[in-house]
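Chains as they are written, first to last, in the working numbering: chain A, 598 to 667; chain L, 18 to 165.
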């Protein structure tokens, strides 16, 4: 999971490395996802999330479809 | 997950926040007054449950996501310390986990140019023009977490 400066840099990076494209998010969307995903990580009462709870976080940000299926 | 493993995990994470590094198995065993083998088994159960990531062939903590303990391009300043994020997602996850503002210094994966992101009051205030790319579909994230 890497940062890229632009769509052009993304396309060049994928081509140079012969990677199949996955999913691209804006940094703002990734920041929102990080807040929801990691925000409870240091809670004293932390428990492992059930897969459906993690899926609900992804769904809440519109990250749906085959790529985002846990 | 066994109650003792939850306690061990909490100890590891709280030690990371307090000391900037994960405790060794010996340190955690001493804190819990357990022997080394029992603590190694707990660390391995946490690894198998994806609650910690151990270095291959050892019981040292490699990642306690979003924190990483080997060098990566993703350096984070948050909560009065410098941290390393495993990846772009985890780098932004460190201020989120600490519930504090933070700055991420990283690089464009294509050209290597430095990039900076800033988080204030849980909002991204710098670096909003950047993109994040995820190569591996969610179902396969844990197949090779180092690559993911």
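Heads up, the beta-carbon is just placed ideally off N, CA and C, and yes, glycines get one too.
- For the 7 Å CB-CB criterion, residue 118 of chain L and residue 63 of chain L do not form a contact.
- With respect to residue 91 of chain L, residue 102 of chain L sits close: the two C-beta atoms are nearer than 7 Å.
- Boundaries of the alpha helix (DSSP H) harbouring residue 42 of chain L: 42-49, taken from the DSSP string.
- Put simply, the CB of residue 619 of chain A is near chain L, with a gap under 7 Å to one of its CB atoms.
- Of the candidates L:97, L:71 and L:19, the residue whose Cα lies closest to the Cα of residue 162 of chain L is L:71.
- Counting only residues of its own chain and dropping the five nearest sequence neighbours on each side, residue 620 of chain A has a CB closer than 6 Å to the CB of 664.
- Residues 135 and 136 of the same chain have their beta carbon placed closer than 8 Å to that of residue 142 of chain L, with the five preceding and five following residues left out of the count.
- One thing to note: residue 81 of chain L has its Cβ no nearer than 7 Å to the Cβ of residue 111 of chain L.
- Proximity of residue 601 of chain A to chain L, defined by a Cβ-Cβ separation below 7 Å, is satisfied.
- Taking 7 Å as the cut-off between beta carbons, the residues of the stretch 25-49 of chain L near chain A are 27, 30 and 34, in sequence order.
- For residue 65 of chain L, the three-state secondary structure derived from DSSP is helix.
- With the rule of 3 Cβ pairs closer than 8 Å, the stretch 139-155 of chain L counts as touching the stretch 623-639 of chain A.
- Residues of chain A whose Cβ lies closer than 7 Å to the Cβ of residue 110 of chain L are, in chain order, 631, 634 and 635.
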